[in-house]
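**Q**
Residue numbers (this note's numbering): 594 to 738.
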């Protein structure tokens, strides 16, 4: 049998290459809840303004003819109100304008507001609650376009 030579104990051992330990990643600290909610409300207000301004412009016309009512319907559909709610809202507005003889922009705005609240359900709770528990985050889900 062949003898196997053992390594010389006096030979210097190879040094392991120095391994760089990566710095821990910086923790992302979310904005305070109030800041996010303020921004959310501001963005929602801007999106509602285009809908509201468009509807009020249409309802402020001197003559609410068939074309104007179709434009109102198109504006509501573009705002993702939905087909059935849009038809219901436009029909109710047309009827109330016809019965009451409403013509001023302020009166039309009040009618529109009343009908929208009625359509959405005035008894519903519209408060936004985002408080999370000790172990759970607060979540806001926004659905739509």
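Don't be surprised by glycine CBs; every beta carbon is placed ideally from N, CA and C.
Since residue 670 and residue 689 should fall inside the 8 angstroms C-beta cutoff, what is the C-beta to C-beta distance between them, to a whole number of angstroms?
**A** About 20 angstroms separates the two Cβ atoms, so there is no contact after all.
**Q** Do residue 712 and residue 682 come within 8 angstroms of each other at the CB atom, strictly closer than that value?
**A** yes
**Q** Classify residue 692 as buried or exposed, calling it buried when 16 or more other Cβ atoms lie within 10 Å of its own Cβ.
**A** Exposed.
**Q** Would you decide whether residue 665 is buried or exposed? Buried here means 16 or more other CB atoms lie within 10 Å of its CB.
**A** buried
**Q** With distances taken between CB atoms, is the gap from residue 657 to residue 698 smaller than 8 angstroms?
**A** no
**Q** Between the alpha carbons of residue 680 and residue 661, how many angstroms are there, rounded?
**A** Rounded to whole angstroms, residue 680 to residue 661 spans 14 angstroms at the Cα level.
**Q** From which residue to which residue does the alpha helix (DSSP H) around residue 663 run?
**A** Note, residue 663: alpha helix (DSSP H), 659 to 671.
**Q** Which residue marks the beginning of the alpha helix (DSSP H) containing residue 717, and which one marks its end?
**A** Following the DSSP letters along the chain, one finds residue 717 in no alpha helix (DSSP H), marked with neither H nor E.
**Q** For residue 706, does the three-state DSSP call read helix, strand or coil?
**A** In the displayed model, residue 706 falls within a helix according to three-state DSSP.
**Q** Would residue 668 pass as a contact of residue 651 if the rule is Cβ separation under 8 angstroms?
**A** yes
**Q** Using C-beta distances below 7 angstroms, list every residue in its chain close to residue 612, excluding the 5 sequence neighbours before and after it, in chain order.
**A** none
**Q** Could you check if residue 674 is buried or exposed, using at least 16 other CB atoms within 10 Å of its CB as the buried criterion?
**A** Residue environment analysis places residue 674 among the buried positions, since at least 16 neighbouring C-beta atoms fall within 10 angstroms of its C-beta.
**Q** Looking only at its own chain, which residues have a Cβ that is under 8 angstroms from the Cβ of residue 654, when we skip the five neighbours before and after it?
**A** Excluding residues within five positions, the ones whose Cβ falls inside 8 angstroms are 661.
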